[in-house]
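Since the structure comes first, as structure tokens, the remarks are kept for the end.
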Amino acid sequence: MLKTIIILYYYFKTKYFMRFADRAALLKWQNSRVTGFLRKYIAKSGYYSRKFRNMDVRNWQSFPTIDKKEMMENFDELNTVGISQKEAFELALNSEKTRNFKPEINNITVGLSSGTSGNRGLFLVCRMERYRWVGIILAKTLPDSIFKKHRIAFFLRANSNLYTGVKSRNISFEFFDLLDSTDHNLKKLDEYKPSIIVSPPSMLKIIAANLNRISINPVKIISVAEVLEELDRRYLEKAFNQTVHQIYQATEGFLACTCRYGNLHINEDLLAVQREYVDKDKFIPVITDFSRTSQPVIRYRLNDILTESHEPCPCGSMCLRIAGIEGRCDDIFYLDSVDGSSSVAVFPDFLSRAVIYASDRIEEYKVIQNTRREILVYVDKTEEFIPVKESLIKLFTVKKCQIPEIIQLKSLEIDRTKKFKRIESRIHDR
Ligand SMILES: [Zn+2]
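FYI, the numbering for the sequence shown is 8 to 437, going by the working numbering.
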């Protein structure tokens, strides 16, 4: 009962009461939420108390930042619920192995993000945070009222208590394990007849390609967990004959989602985002989540690059619009400058665009920076490699880089247990 009340409270609050006249009003409200939150929670975390000692919370925007590595290294002292990294990891790994996704310690849900091994993030959420999250996500993503019936098909690498909490009398929720075979999942999807499909774009593409074999009629398609590339968005929108929506949710919080017009907005009603610019309109977000209490996220620097949009949105939201999520900072390509004196950063979205504008016949591709001087390119239409190569050379020339060797890959191996990336850098020393 308490659960339903909390979920409904946040559902209605998010849907109807988070309206701001202008950005200044939003930022003023946000600032008061952040300072109130910091006054209460810094003291509860041993790690943050030391890190921000003698600092005035009114100046929170210039507090030193923290990143994933620092957060994981100081996990035990940073969280406010007394859970050690060791016990949290053991519990999360075990639940992934047994595919039983109800790991809890003293009512705290433990989750593991799907990063590369050694770089996986742990997160803790208490029941209150979980119910709150459910209310908010339903308010932001359901195509109509919470009282209408919905059948949600959720494709994930690992399920979580977080997601199954969405289940209610009107809303049924079915977890589809990405590790199961495609045939099994398609058959299950056909039987389940979802009204909403939430899935990484790589799986959405498989569903789209098999729409003639199954009979489903979803009213909303939501892309999660991987970057939704322009090429895939176009393909999916045509196949499903509707706007493809996005949820940008990470271990660090529920960062952004699309409004009813399909435009991405940062959830500034849930967290504060400062922009660390890396290029014109491109920034690395530094987030302060003023509602995560078990594992406070304060001045946390993400490893993602976002591109902002200055166009106002017809939905009327004052939350910052983003044109796109470009991918991880780790996947920026670094090439030597023409005179060899410096490194030039080439952002993933420039590389994607160079490929898809080279030929409109390409449906599948991948670009890998293998070494400083070697780039590997896969395109499904083999004969389109030459125009793609020319387009990349043009991009590198404009960026004033030394032109690397561009080698054609004849095949592409896809590991379904990992996130699929179109643009990938394999250089780890910069
Ligand atoms: Zn909008």
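The beta carbon of each residue, even a glycine, is placed where N, CA and C say it ideally should be.
Because the structure is a prediction, the values reported are computed rather than measured.
Cβ-heavy atom distance, residue i to ligand 1, below 8 Å
i	result
Asn-66	no
Ser-206	no
Cys-322	yes
Cys-133	no
His-317	no
Tyr-255	no
His-272	yes
Cys-266	yes
Contacting residues, own chain, Cβ-Cβ under 6 Å from residue i (five flanking each side not counted)
i	result
Leu-193	Asn-217, Ile-221
Gly-331	Thr-314
Lys-227	Pro-150, Ile-203
Glu-84	Gly-53, Tyr-54
Pro-355	Glu-333, Gly-334, Asp-338, Ile-430
Ile-229	Val-205, His-252, Ile-254
Where residue i sits in the DSSP three-state scheme
i	result
Gly-128	coil
Ala-50	coil
Val-41	helix
Tyr-372	strand
Lys-245	helix
Tyr-268	coil
Lys-75	helix
Phe-82	helix
Asp-367	coil
Ser-349	coil
Asp-29	coil
Asp-343	strand
Per-residue burial, residue i [other beta carbons within 10 Å of its own, 16 or more giving buried]
i	result
Thr-378	exposed
Val-293	buried
Ala-50	exposed
Thr-300	buried
Asn-86	buried
Leu-9	exposed
Residue interval of the beta strand (DSSP E) (run including residue i)
i	result
Ser-179	178–184
Asp-190	Looking at the DSSP string, Asp-190 is not in any beta strand (DSSP E); the run it does join, the alpha helix (DSSP H), is 189–199.
Asp-296	289–296
Glu-333	328–335
Leu-119	115–119
Lys-155	Counting along the chain, Lys-155 falls outside any beta strand (DSSP E), and DSSP gives it neither H nor E.
For residue i, the first and last residue of its enclosing alpha helix (DSSP H)
i	result
Gln-92	92–105
Tyr-16	9–23
Gly-142	134–148
Ala-361	355–363
Leu-399	392–405
Other residues of its chain near residue i: CB distance less than 7 Å, five sequence neighbours each side excluded
i	result
Leu-185	Phe-162, Leu-163, Arg-164, Met-210, Arg-423
Glu-275	Leu-33, Gln-37, Cys-326, Leu-327
Ala-263	Tyr-255, Leu-271, His-272, Ile-273, Asn-274, Ile-329
Arg-368	Lys-388, Glu-391
Proximity test, residue i beta-carbon vs ligand 3 heavy atom, cut-off 8 Å
i	result
His-252	Among the ligands modelled here, namely ligand 1, ligand 3 does not occur.
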